[in-house]
Every structure is written in C-alpha cells, then in structure tokens.
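**Q** Residue numbers (the working numbering): 1178 to 1345.
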Amino acid sequence: MSKKVKILDTLQIEQKLNRLAFEVYENNFAEKELLVVGIEGNGYKVATHLGKKLQNISPIKIKLGKITVDKNKPWEGEPKIDFTEKDFVNKTIILVDDVLNSGKTLMYAVKLFLDKPVKKINTVVLVDRSHTRFPVKADYVGLSLNTTLQEHIEADFSKSNKEAVYLI
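1. Which residues bound the beta strand (DSSP E) around Asn1338?
2. Ordered along the chain, which non-local residues of its own chain (more than five positions away) have a Cβ less than 6 Å from that of Ala1341?
3. Touching or not, the stretch 1310 to 1320 and the stretch 1265 to 1282, by the rule of three or more beta carbon pairs under 8 Å?
4. Less than 9 Å between the beta carbons of Thr1269 and Leu1212, yes or no?
5. Measure the Cβ-Cβ separation of Gly1220 and Val1295 and say whether it is below 9 Å.
6. Could you tell me whether the Cβ atoms of Val1266 and Lys1293 are closer together than 9 Å?
7. Is Phe1206 buried or exposed, if buried means 16 or more other CB atoms sit within 10 Å of its CB?
8. In three-state terms, what does DSSP make of Asp1292?
9. My assumption, with CB atoms under 8 Å, is that Leu1136 sits in contact with Leu1227. Please give the rounded CB distance.
10. Assign Val1266 to one of three DSSP states: helix, strand, or coil.
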C-alpha cells in the first residue's frame, strides 16, 4: 500500500508562489501585459494564484487564460483555449502547470503557440519531478524533487485553506 507524504503545506505553497511571482516579475518588468495561462485543473488553479500575486506586486496588466489538454492522449485533439488569438499575439505568455512529470502536457500546450507570432513563452511549475521525456523544461520552479518512476506527486487544491502537495 502506498503512503501519502505531505511535501508542501498551504504556507509552503504560498511561499513558493510568492517567490515565483517575484521571479516572473523580475524577468518581465518591462512588459505592459502578461498572459498567464494555466493548464486545466490544478495548473489553472496555480495560474490563478500566481496571477493574483503578480497583480499585487507589479504594475503589469495580467490576463488569465486556460488551456484544456487531454493529459492522457494530447495528440488526439487540439488544445482548447478560453481566449482569442489577439490576446496572445506579440505578447509574453507564462504557461503554468502544477507538476512537471514527463513534459508531455506542457509540450502539447506549448504547441498551440508555436505557429503564432508570440513575443516569448515561459513555463512555471509548482513541482518539477525531473523525469522529463520530452524536450520541455520549466523556466520557473517552486520545488525540484527527484522521485522514482513509481512515485507520484499529487497537488490538492480542493480546499483553499488546506492546499497541499503529496508524494505518493
């Protein structure tokens, strides 16, 4: 039976997101607008938190977006977005997910922007497992954690005052 081990509690997640927001701002301080795009599910929840923190610390206009990707078979359809192309053309995009496992989800999410004239794409993850099989890396990482292939990371954002990340 696998055992759940809490690796980040609510306060630690908050601290990681604060640091990530400052890093993103530091590297994009000259931008007028950032499109913070979360991958549906926990990635979008992390993006929402990150977007709020960026709004609190910077004068940059933050636009929040969501990408829906089939995480099991992302090649079987185009990612769906809740924003228009004019929202990201010639803009800096901050693509956010909760956990970087193999890199597959981020790879297919980035694919959406590859044939468009975007200014820059950066990736943010709360936890990087260091097991990428695709040529994707996170530009901003809350926590790097080397795990075995049998272990999993689970982020739980179901209760706002009891958010946690677990190693299973």
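We treat Cβ as the ideally placed atom computed from N, Cα and C, and that holds for glycine.
**A** Answer, in terms of the structure:
1. On the sequence shown, position 161 is the one that residue 1338 refers to. Note, Asn1338: premise wrong, no beta strand (DSSP E); not H, not E.
2. As a first step, residue 1341 must be located in the sequence shown, where it is residue number 164. So the qualifying residues of the chain are Lys1183, Asp1186, Asp1333.
3. yes
4. In the sequence shown, counting from the first residue as 1, residue 1269 sits at position 92. In the sequence shown, counting from the first residue as 1, residue 1212 sits at position 35. Yes; because the gap between Cβ atoms is below 9 Å, this pair is in contact.
5. Reading the sequence shown from its first residue, position 43 is the one you call residue 1220. Reading the sequence shown from its first residue, position 118 is the one you call residue 1295. No; because the gap between Cβ atoms is not below 9 Å, this pair is not in contact.
6. For the purposes of this step, residue 1266 is taken as residue 89 along the sequence shown, with counting starting at 1. For the purposes of this step, residue 1293 is taken as residue 116 along the sequence shown, with counting starting at 1. It is a contact, given that the beta carbons lie within the stated cut-off.
7. Start at 1 with the first residue of the sequence shown, and residue 1206 comes out as number 29. Phe1206 is exposed by the Cβ-count criterion.
8. Translated into the one-based positions of the sequence shown, residue 1292 becomes position 115. Coil, per DSSP.
9. Absent from the structure is residue 1136, since the part of the chain shown begins at 1178 and ends at 1345.
10. For this step, residue 1266 is matched to residue 89 along the sequence shown. Coil at Val1266, not helix or strand.
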